[in-house]
Every structure is written in structure tokens, then in C-alpha cells.
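*Asks:* The following block contains the structure, expressed as C-alpha cells.
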Amino acid sequence: MNVRELFRDKLENSEVIPGDSVRNELMRKVAIKEFMLYNPSRFNIYYLGGIAAAALASILIITSKPDVIKNQKEEFKIENSKSLDTLSSVQPQKQLPVERTTEPERVVKSTSNKTVPKISEINYSVKKVDNVVIDNKKEAGSTVKPDSLKIKAILQNKVSDKDNLVQLQRNIGAAFNVSVSGGCLPLKVKFQNKSTSYDSCHWIFGDGGFSNEKNPEWIFDQEGEYKIILKVFNTGGNQAITSSVITVHPRPVARFETAPEKPIIPDDDIRFINYSNDAVRYKWEFGDGNYSDAFEPDHRYRQYGNYNVRLIAWSSYGCTDSMLVKNAFSGSGCFIDFPNAFIPGSGGPAGGYYSIKSDEAARIFHPSTSGVTDYHLKIFSKLGIPIFESNDINIGWDGYIKGQLCEPGVYIWKVRGTFKNGEPFVKMGDVTLLKD
Amino acid sequence: MLNDLQIIEGCARHERRAQQMLYDKYSRFLLGICLRYAGDKAEAEDILQDSFLKIYFSIKDFSGTGSFAGWLRKVAVNTAITHYHKNLKHRYHIEIEEYVSIETGTSSFEESFYTSEELYMVMNELPSGYRMVFNLYAIEGYKHKEIAEMLGIDTNTSKSQYSRAKAVLRDKLEKLGKLKNSY
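The listed protein sequences correspond, in order, to chains A and B.
So for the first sequence, my numbering puts the first residue at 26; every next one is plus one.
So for the second sequence, my numbering puts the first residue at 668; every next one is plus one.
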């Protein structure tokens, strides 16, 4: 059977016995949770919550502005005016499904290039938003074509049939330009009113927002296609209408993981696993000066170090997002290990320096290490008499004392030192000196 | 031991005895599920406890249609997914020992050759994302589109991670097989 069948058949209904303490721990948690929920006779967090909610409500009632209510009435008036349009509430035409379940936490080590402002202040009395800087179009690596920044969608001639009836003798006409007709979330759009012969106007932005300004600016904070509607009126009681579509593209979400959890740097091949959403193009920065644009690359670092890893992702439209993990492999991979035997050359002391060649014949006794900053090695005879010492990790023991080859047999080594991350080590063991 | 209906009603009234009976009857079955999703047994037991808490406090949501074990299974799987999302930043998982070259093979495996302990062990060694996708597709039987929604990834990511997961599992099983044969 194949892999899928194997796992399914054997594990679909398999049983595993929990540890002994699990049951009691669970019952304890259940009791605590029940107490928190179901004990109305005692003062508990729900009473506290109720008081806080009541306090908040009264504060809101006291401080709410009277303007809000007045503007709402005005909106309704315009809505109900005798016009030939049936202007029901305008929804963005395409609700793109947001497929994320929970938003992963992006705190601590990772940073994102989004600068999303808080849009909660937008209410029915529309604010001018020119103080807010949204620089999404100018991000490094974004492939939004420069042309789109300058596109002026002029749609004033796309007036609906109904409006032809409205344009009586007065030459009132509705038209507008937009600074951009599509872009990445969040999208700031400047509207320029090019209508003729009108006295007042009313903009509907399609995401719930309105404006009566002549040339409003609006920020779209949700992805979608928005039908922008401009109605203009004159004192003669005539009106005209036009509309246009603004497309707000979602940003991709860059997300990644590396495996294995504690790699040995520089030896291990590290796999970079890509969990990004809505992206079609990637750029990985491994932090050692190397890059990759593969979906899930592997990379091996040449040197020990702390590496910051960044993944940049682009959607098909060109919106971008990135995720940065600083010191992605910190605290990993430091070690010091000694062999348990070696064969000194019989031709005289070799000095303690070792090489790949000398290692092939196991000539010099020395450790293999990663990330050692401080090192003190001592060799003793079996009886505990000190024989050799080295404080240099590049100098091992060639098996000689004062020019004489030591007897074959078992010797004791002891090493003290510190790793790059500050962790100290002390190790001891024995090594067998073999005859050549 | 009461029957399922009595246990459910007792749990709905938060009777400790009924809750304990539910645990005694179903904990092994549910831990078998949690262990597939976790990186090790300790984590699996965490997920198990969270699953039971969810079960005890939302047992009224069990409509009575469909199997009770099936409902329990769904709660456990959802709890495992929540757990996975919470730990995505911090928990990587037990290391893969060697670099695996991805081959598209269709090697065949003898069912009786592997114990379920060995299969759990191999599963635990997968990167957590691969493991989630593999479990949801190959064992729970969800489609890639559903998996994409549950995990918050692209449908394409789910597909590619499933095939990579299979390749890694195949490789590990082959290595394990060789090791066993050499005894």
C-alpha cells in the first residue's frame, strides 16, 4: 500500500494511553473553569465585566457628538429625494473571501512592512485624510507599474440611461477623475470633481463611506471592488450621476518556518518552509549575503553566526509583504566532541597542528567543535599525572612528551571553555593511544 | 459505565462523574488523534486536555445527529489546529536528521511491517506545517481547499506541502525499514 493508505489504515483509529497525571490535571482545570463561569453567588469576573461595560456605555452617551446625528439625517434626506435612481446601500461588488483563520502573531522577532493606519475614526462625517501617509506604492520591490499611479480614469461619459432623462435644459453633468483606479491595500485615492453646472455634490465610496466635499480623498482599508458614485445637484432641482470602479488588491502575507529546529551551523542544510498566502513571487534573504527566489529553498551557511532571515512575497498584482526573523538559529549548534582513540605517527613529534590529511590517519588528538570561543585542554596519564596542555583550539596532542612517544594505552582528557553564546562547558573523557 | 447518551446528558449538567466517564471511555481514542498532530507526546497531552475542556463546555453543541465519536474527533482536530497556530512562531519540531532529496516515487509499504508507534514517531518528525496538511488530507480526508481555509494558507501551498510531506515520510519509512531489516 502507499504512504497515505499505510498511515490512514494504521493510525485513523489507533489508541494511545495518556500519562497518569493527565486525568487529574484535566479535572482540576475543569473545576476552575466551571467556578469562573457558573458561580453567580460570588463576585466574579463577569460582574466586573458588567460594571465596566456599563461605565463605558455611559461615557459614550455623555460624550457623543450631536453632529453625528444631524449628518445622518441629511444623508437620509438626500437618499429619499425624488430621483430616478434607486440608490440602495452600496456594497463592494466583490467580497474576496479572506481565507485566514487566525492572524499569526508577528511580534518579537518578526517585522512587517505594512503601515496600516487605524481607520476607526471614519464615520459619517467624513474626515479629510491628508495627514495620513500611506506609502504602499513606493515600497522597494513592489512591481506596481508606474503607469497605474498616473492613470486617470475618466468615466464621465458612462452615465446610465436613467440620467439622460435627468439632464434637462440645464447642462448639468457629472464627471470625476481618480488619482489611481487600483492598488494595494490600504489604498488612498484622491477624487477630482470634473462635473459641470452644479452647486452641491455627494460621493458614495462603496465601502460605507460618504462625502459632500468637492474633491475628497478616501482610504480604502479593505480589499474589494468598489463602485464610486458621484451625484451632483443644482438649485434648479436637477441632478446627474456617474460612477467608476476602484479595485483594492489584497496584500500577500509572507510567512515561513525553518527546519530543523536546532540546526548545526555551518554543517546542516536548512530547509526554508513557505507558508505565505496570496503570493506568486518570493525573495529569501538568508542573512549571509545570499538570496533565493525559489518557493522553498534549502541553504547551508558557510560560517557560524547569527543570521537574520527575511522572506519577501509579492502577489500577482504586485503588492508586497515581508517577514523577518532575527537570529533565526540562535542558541543552536554549539558543541565540542572528542574522539576516543588516535594513532600518533612514529616518526617523531608532529607538533599539535592538525589538518584533514592528519585526521585521515587520526594522528593528532583534538576535538571537533562549533562555536567555541574559549578553550583549555589538559591530558593526564591514567594515574592522573598531567602530560599535556593546550589553550589553543588549533593545537591538539601529537602523542609525544618532551620528544618521546607516549606508551600506548588509555589517557584522560579534560576540557574547559565557553561557547559563543556565553554558555560554559566542562567535559572529561578518555582516549586510547594506539600503536602506529 | 453509562451509555453515550447518559454520559452526554451528565456532562451537559457538568456532573463530575459523567465527565470522568467520558474521559475514561474516549481519552485513548482522542490521544491517538492528538498524537498525530503534535510534535511529541507531551504536546499531544496538552492538546488532549484542551480538547476535553472544549468538549465539556460545548457538549450542548453536539446535535445528536451523526456519531458522537465523529464529533469528538472534529473537536480534537480543531483544537490541534488552534494549538498549531498559537505555536507557529515558537515551535519548530524535532529535527530532520538529514537532507531529504525529494523523489516522486510510488514505493509500496507492507502494512504489517510497521508498528503504529513507529508511524507516530515518523509523523512527529515532520515539520509541523507538513504534518498538519498530511493529517488533514490523508487521514481526516479534507480537501485541499478546506485545508487551506482551516490553516490560513493557499490551496496550492496545501497541495505542495502534502506531496513534500509524503516524500519525506516515504524516505523515513524506507530508512526505518532498512534499519529494521538489518537486525
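All residues carry an ideal CB built from backbone N, CA and C; glycine is no exception.
Note that the structure is a prediction, hence the values are computed from the model and not measured.
When burial is assigned at 16 or more other CB atoms within 10 Å of the CB, is L31/A buried or exposed?
*Replies:* Taking the first residue of the first sequence as position 1, residue 31/A is located at position 6. Answer is buried; the Cβ neighbour count reaches 16.
*Asks:* Taking 7 Å as the threshold (beta carbon to beta carbon), is I412/A in contact with chain B?
*Replies:* Taking the first residue of the first sequence as position 1, residue 412/A is located at position 387. Cβ-Cβ to chain B under 7 Å: no for I412/A.
*Asks:* Does the beta carbon of K445/A sit closer than 7 Å to a beta carbon anywhere in chain B?
*Replies:* Here residue 445/A refers to the residue found at position 420 when the first sequence is read from its first residue. So, not an interface residue.
*Asks:* Determine, using beta carbons only, whether Q247/A and K256/A come nearer to each other than 7 Å.
*Replies:* Counting from one through the first sequence, the residue named residue 247/A turns up at place 222. Counting from one through the first sequence, the residue named residue 256/A turns up at place 231. No, these two residues do not count as a Cβ contact at 7 Å.
*Asks:* Is the CB of R206/A under 7 Å away from at least one CB in chain B?
*Replies:* Counting from one through the first sequence, the residue named residue 206/A turns up at place 181. For clarity, residue 206/A is Ser in the given sequence; the question names Arg instead. It does not: the Cβ of S206/A has no partner Cβ on chain B nearer than 7 Å.
*Asks:* Within 10 angstroms of the Cβ of G373/A, are there 16 or more other Cβ atoms? Answer buried if so, exposed if not.
*Replies:* Your numbering for residue 373/A matches position 348 in the first sequence. That one is exposed.
*Asks:* Quick one: which residues of the region 341-373 of chain A get their C-beta closer than 7 Å to a C-beta of chain B? List them in chain order.
*Replies:* Answer set for the region 341-373 of chain A: empty.
*Asks:* Looking at I368/A and D293/A, is the spacing between their C-beta atoms short of 7 Å?
*Replies:* Along the first sequence, one-based indexing puts residue 293/A at 268. Along the first sequence, one-based indexing puts residue 368/A at 343. Going by C-beta atoms, D293/A is not nearer than 7 Å to I368/A.
*Asks:* Can you tell me where the beta strand (DSSP E) holding M453/A begins and where it ends?
*Replies:* Start at 1 with the first residue of the first sequence, and residue 453/A comes out as number 428. Segment 449-458, the beta strand (DSSP E) holding M453/A.
*Asks:* Shorter than 7 Å from the beta carbon of T127/A to some beta carbon of chain B?
*Replies:* Working through the first sequence from its first residue, we reach residue 127/A at position 102. Below a pLDDT of 50, predicted positions are generally treated as unreliable, and T127/A, at 40, falls in that range; no measurement from the model is reported.
*Asks:* For a cutoff of 7 Å on Cβ pairs, would you count K308/A as touching chain B?
*Replies:* By 1-based counting over the first sequence, the position of residue 308/A is 283. So, not an interface residue.
*Asks:* Output, in chain order, the set of chain A residues within a Cβ distance shorter than 8 Å of Q686/B.
*Replies:* Reading the second sequence from its first residue, position 19 is the one you call residue 686/B. Under the 8 Å cutoff, chain A gives M52, V55.
*Asks:* Comparing alpha-carbon positions, which option in L458/A, T457/A, T443/A lies nearest V466/A?
*Replies:* Here chain A has residues from 26 to 461 only, and residue 466/A is not among them.
*Asks:* I need the DSSP call for K445/A, collapsed to helix, strand or coil.
*Replies:* Looking up residue 445/A in the first sequence gives position 420. In this structure, K445/A counts as coil in the three-state DSSP scheme.
*Asks:* Using a C-beta to C-beta distance shorter than 7 Å, which residues of chain A count as neighbours of E712/B?
*Replies:* As a first step, residue 712/B must be located in the second sequence, where it is residue number 45. Within 7 Å Cβ-Cβ: P43, G44, V47.
*Asks:* Is the CB of S39/A under 7 Å away from at least one CB in chain B?
*Replies:* Counting from 1 along the first sequence, the entry for residue 39/A is found at position 14. It does; some Cβ of chain B falls within 7 Å.
*Asks:* I'd like the span of the beta strand (DSSP E) that includes E792/B, first residue to last.
*Replies:* As a first step, residue 792/B must be located in the second sequence, where it is residue number 125. No beta strand (DSSP E) contains E792/B, which DSSP labels as neither H nor E.
*Asks:* Looking at the structure shown, is D464/A part of a helix, part of a strand, or coil, going by DSSP?
*Replies:* Outside the modelled stretch of chain A, which goes from 26 to 461, sits residue 464/A, for which no answer is possible.
*Asks:* When burial is assigned at 16 or more other CB atoms within 10 Å of the CB, is G424/A buried or exposed?
*Replies:* Here residue 424/A refers to the residue found at position 399 of the first sequence. The residue in question, G424/A, is buried, as its Cβ has 16 or more Cβ neighbours within 10 Å.
*Asks:* In the DSSP output, which residue or residues are listed as bridge partners for P411/A?
*Replies:* Taking the first sequence and counting its residues from 1, one reaches residue 411/A at position 386. The partner list for P411/A (beta bridge, DSSP) reads F405/A.
*Asks:* Just to confirm, are I197/A and N259/A a CB contact at a threshold of 7 Å?
*Replies:* If you number the first sequence from 1, residue 197/A lands on position 172. If you number the first sequence from 1, residue 259/A lands on position 234. For I197/A and N259/A, yes; Cβs fall inside 7 Å.
*Asks:* For F311/A, which residues in chain B fall below 8 Å Cβ to Cβ?
*Replies:* As a working mapping, residue 311/A is identified with position 286 in the first sequence. Per Cβ cutoff of 8 Å: no residues; F311/A is ~16 Å from chain B at best.
*Asks:* Under three-state DSSP, which class holds A279/A?
*Replies:* Within the first sequence, the letter at position 254 stands for residue 279/A. Coil.
*Asks:* Would you please state the rounded distance, in angstroms, between the beta carbons of Y781/B and L689/B? I believe it to be under 8 Å.
*Replies:* As a first step, residue 781/B is located in the second sequence; it is residue number 114 there, counting from the start. As a first step, residue 689/B is located in the second sequence; it is residue number 22 there, counting from the start. Their Cβ separation, rounded to whole angstroms, is 31 Å, which puts Y781/B and L689/B out of contact at 8 Å.
*Asks:* Using the Cα positions of S268/A and V28/A, report the straight-line distance between them to the nearest angstrom.
*Replies:* In the first sequence, residue 268/A corresponds to position 243, counting from 1. In the first sequence, residue 28/A corresponds to position 3, counting from 1. Taking the straight line joining both Cα atoms gives about 56 Å.
*Asks:* Would you mind working out which of G376/A, A386/A, I437/A sits nearest L419/A, comparing C-alpha positions?
*Replies:* As a working mapping, residue 419/A is identified with position 394 in the first sequence. Correcting the residue type first, residue 419/A is Asn in the shown sequence and not Leu. With distances taken between Cα atoms, N419/A lies closest to G376/A.
*Asks:* Answer yes or no: does any C-beta atom of chain A fall closer than 7 Å to that of I763/B?
*Replies:* Looking up residue 763/B in the second sequence gives position 96. Here I763/B scores only 36 on pLDDT, less than 50, and its place in the model should not be relied on; the value that follows carries that caveat. Output row for I763/B: interface = yes.
*Asks:* Within 7 Å of any Cβ in chain A, is that where the Cβ of L786/B sits?
*Replies:* Within the second sequence, residue 786/B is the residue found at index 119, counting from 1. Yes, L786/B counts as interfacial toward chain A.
*Asks:* Considering only C-alpha positions, which residue in the set V203/A, A387/A, E250/A is nearest to A240/A?
*Replies:* The sequence position of residue 240/A within the first sequence is 215, counting from 1. Per the sequence presented here, residue 240/A reads as Asn, with Ala not at that position. The candidate whose alpha carbon is nearest that of N240/A is V203/A.
*Asks:* Please check if any C-beta of chain B sits within less than 7 Å of the C-beta of V28/A.
*Replies:* Looking up residue 28/A in the first sequence gives position 3. Yes, V28/A counts as interfacial toward chain B.
*Asks:* May I ask which residues mark the beginning and end of the beta strand (DSSP E) holding M513/A?
*Replies:* Nothing about residue 513/A can be read from this structure; chain A reaches only from 26 to 461.
*Asks:* Alpha carbon to alpha carbon, how far is S395/A from P288/A? Give it in angstroms, no decimals.
*Replies:* Position 263 of the first sequence, counted from the first residue, corresponds to residue 288/A. Position 370 of the first sequence, counted from the first residue, corresponds to residue 395/A. The alpha-carbon atoms of P288/A and S395/A are separated by roughly 11 Å.
*Asks:* Could you work out which residues of chain A lie near S694/B, taking near to mean beta carbons separated by less than 7 Å?
*Replies:* Here residue 694/B is taken as the residue at index 27 of the second sequence, counted from 1. Here the neighbours are P43.
*Asks:* Rounded to whole angstroms, what is the Cα-Cα separation between G706/B and E432/A?
*Replies:* Position 39 of the second sequence, counting from 1, holds the residue named residue 706/B. Position 407 of the first sequence, counting from 1, holds the residue named residue 432/A. Cα-Cα distance, rounded: 50 Å.
*Asks:* On the DSSP letters alone, give me the boundaries of the alpha helix (DSSP H) that I675/B sits inside.
*Replies:* Start at 1 with the first residue of the second sequence, and residue 675/B comes out as number 8. Run containing I675/B: 671-679, per the alpha helix (DSSP H) assignment.
*Asks:* So is V858/B buried or exposed if we call it buried at 16+ other beta carbons inside 10 Å?
*Replies:* A question about residue 858/B goes unanswered here, because the residues of chain B that appear run from 668 up to 850.
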